[in-house]
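So the protein sequences, as listed, match chains A and B.
Going by our numbering, 279 is the number at position 279 of the first sequence; the sequence numbering is gapless.
Going by our numbering, 143 is the number at position 143 of the second sequence; the sequence numbering is gapless.
No residue lacks a Cβ here, since even glycine has one placed at the ideal position from N, Cα and C.
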Amino acid sequence: MRKFYTVIICFLFSINVFAQDSSLLNMIDDSMSVNMQKMYVTGTFKSIYIINTQSVETTAKNSLLFSIMHRFGKINDGGYNFFGLDNATMRLGFDYGITSDLSVGIGRSTFEKTFDGHLKYKLLKQTDGTNKMPVTVDIFSGMYYTSLKSDDAALDKLSYDISLLIARKFSSKFSIQLTPSLLHYNLVPTVADNNNVFVTGIGGRMLITKHMSVNAEYDYIFPNQVNSIKMYNSLSAGIDIETGGHVFQLHVTNSQGMAEPLFLGKTTGTWRKGDIFFGFNISRVFNFGHSDKKKQ
Amino acid sequence: MKYYILLLFVCVSLTANAQLFSTRNGFIGFYSETPFENIVAENNQVYAIMDVSKKTIAFSMLMKSFVFQKELMQVHFNEDYIESDKFPKANFTGSFTETIDPSKNGNFIVHVSGTMTMHGIAKPFTATASLVINNNTIDGTSNFTINPADFNIKIPSLVRKKIAQLIDVKIKVSLHP
């Protein structure tokens, strides 16, 4: 009973305090924090790619994202090939946001004439406020078809990837993503190679200005899965520059391929020997739907 | 004795309380018009409170509650311009000079002056608002413009042409006792 009075007295006191001049604001701010709803964390990464790896960002609802990706030749090709700039591989891609959580994409790489298609879905979204969800988790699923002419049957040219993208935005500047992936190749070069390959990646970004960030990623392939070729773990570093609807990503990487089965499971370059590829991703967002309609 | 004190508090609080009108779902919209792009951002979760006897008023809102028609704009608004991680709220606290009587239906024009705080910057601010009193409800509306530069919101030169120098602001609140 005593507690009850104390509570009441405190309550009344607080009302008295509220009745003072600028205290109206405190009153609504208190009411606001009591009724605080969960808020989704946005902008974990600037682009749908960290560098090569998909990031947890999906294309916005009713938006079409056009991306142009380039990887030039090896820097250690020397001056004759202008340090790799004479040879470029590229990928053109389109991603569309069906909902704000689900996006679908298609692409075509010149590397091994690869077509790709993928789906990305946000399973969990990081929140602040009450009932905190610590991470954003996406599931990413891709299918790849290598159309380079060969004697292999069409089915043998297919490969698949399924990844979980687990990211946390630790502060407004710093985000980290873990990306465990399972690759499946319908055909592998020798019996010593696995059809199913497990890879796990870690990537992150650090904002240096509001519109620019430094990104890095590393993909570790568990040993004894790919044996017929000498392959290395993919390591990339670069910067993101965002200007309105465009994101420019400039980077150096030891992977030339721009599809998951290529850079995760078939990276043959090594940083130690200078097998470094300079490259960039440029993306541009176009909005569709009723988004331009003026509302008053 | 305890009861008397309590009763006293209750009386005091009742007299103070009786003149408070408030809402938790007021409306504030930001409108930017340029030849290149029109931007609309609307917030339907604005908290507002008015003390009719003291002639004071306050607004508060979460910047993340502004909804844009383009998702990417909303992300840029929160991440790059308003920095809602650092400055989650905007608010206004001020007073008006006119006397209004909430028990009588009618229309009033009031001149409000006070302090607006956004993006961590507090600025003196004045505006006129029209009030319609109908059956003990106060419907308030106000239109004015604000300049993002006043609140230290920097807009990069590349997108400068797409964002108006002055942003139109519309407020609509329905305050209940």
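Neighbourhood of residue 79 of chain B in chain A, by CB distance below 8 Å: 42, 43, 172, 210, in chain order. Contact annotation: the stretch 200–207 of chain A does not touch the stretch 73–88 of chain A, with fewer than three C-beta pairs closer than 8 Å. Going by beta carbons, residue 265 of chain A and residue 160 of chain A fall outside the 9 Å limit.
Among the residues of the stretch 30–60 of chain A, those with a Cβ less than 7 Å away from any Cβ of chain B are 31, 32, 35, 39, 42, 43, 60, in the order of the chain. Closest in C-alpha terms to residue 215 of chain A, from the list A:234, A:229, A:240, A:198, comes A:240.
The secondary-structure analysis by DSSP pairs residue 120 of chain B with nothing; it has no beta-bridge partner. Excluding the 5 residues flanking it on each side, residue 30 of chain B has same chain C-beta neighbours closer than 8 Å at 39, 40, 41, 42, 66, 167, 168, 169, in chain order.
Under the three-state reduction of DSSP, residue 84 of chain B is assigned to coil, being neither helix nor strand. Scanning chain B for C-beta atoms nearer than 8 Å to the C-beta of residue 63 of chain A yields 70, 71, 72, reported in chain order. Listed along chain B, no residue sits closer than 8 Å to residue 127 of chain A by beta-carbon distance, the nearest being about 11 Å off. At least one CB of chain A lies nearer than 9 Å to the CB of residue 83 of chain B. As the crow flies, the alpha-carbon of residue 98 of chain B is around 42 Å from that of residue 156 of chain B.
Here residue 172 of chain A carries a coil assignment [DSSP, helix/strand/coil]. Between the stretch 131–141 of chain A and the stretch 82–97 of chain A, the count of C-beta pairs closer than 8 Å stays below three; the two stretches do not touch.
Nearest CB-CB separation between residue 22 of chain B and chain A: below the 9 Å threshold. Counting the other Cβ atoms within 10 Å of the Cβ of residue 58 of chain B gives 16 or more, which makes it buried.
From the listed residues A:190, A:260, A:250, A:191, the smallest Cα separation to residue 220 of chain A is found for A:260.
The Cβ neighbour count for residue 254 of chain A, taken over all protein chains shown within 10 Å, is at least 16; the residue is labelled buried.
One finds nothing in chain A with a Cβ atom closer than 9 Å to the Cβ of residue 175 of chain B; even the nearest lies about 12 Å away. Taking 9 Å as the CB threshold, residue 242 of chain A lines the interface with chain B.
In chain order, 64 place their CB closer than 6 Å to the CB of residue 286 of chain A, counting only its own chain and leaving out the 5 sequence neighbours on each side. In terms of Cβ geometry, residue 93 of chain A and residue 71 of chain A do not form a close pair [threshold 9 Å]. By DSSP's assignment, residue 263 of chain A forms no beta bridge with any residue. The beta carbons of residue 92 of chain B and residue 68 of chain B sit no closer together than 9 Å. Looking only at B:77, B:52, B:47, B:49, the smallest Cα-Cα distance to residue 163 of chain B is reached by B:77.
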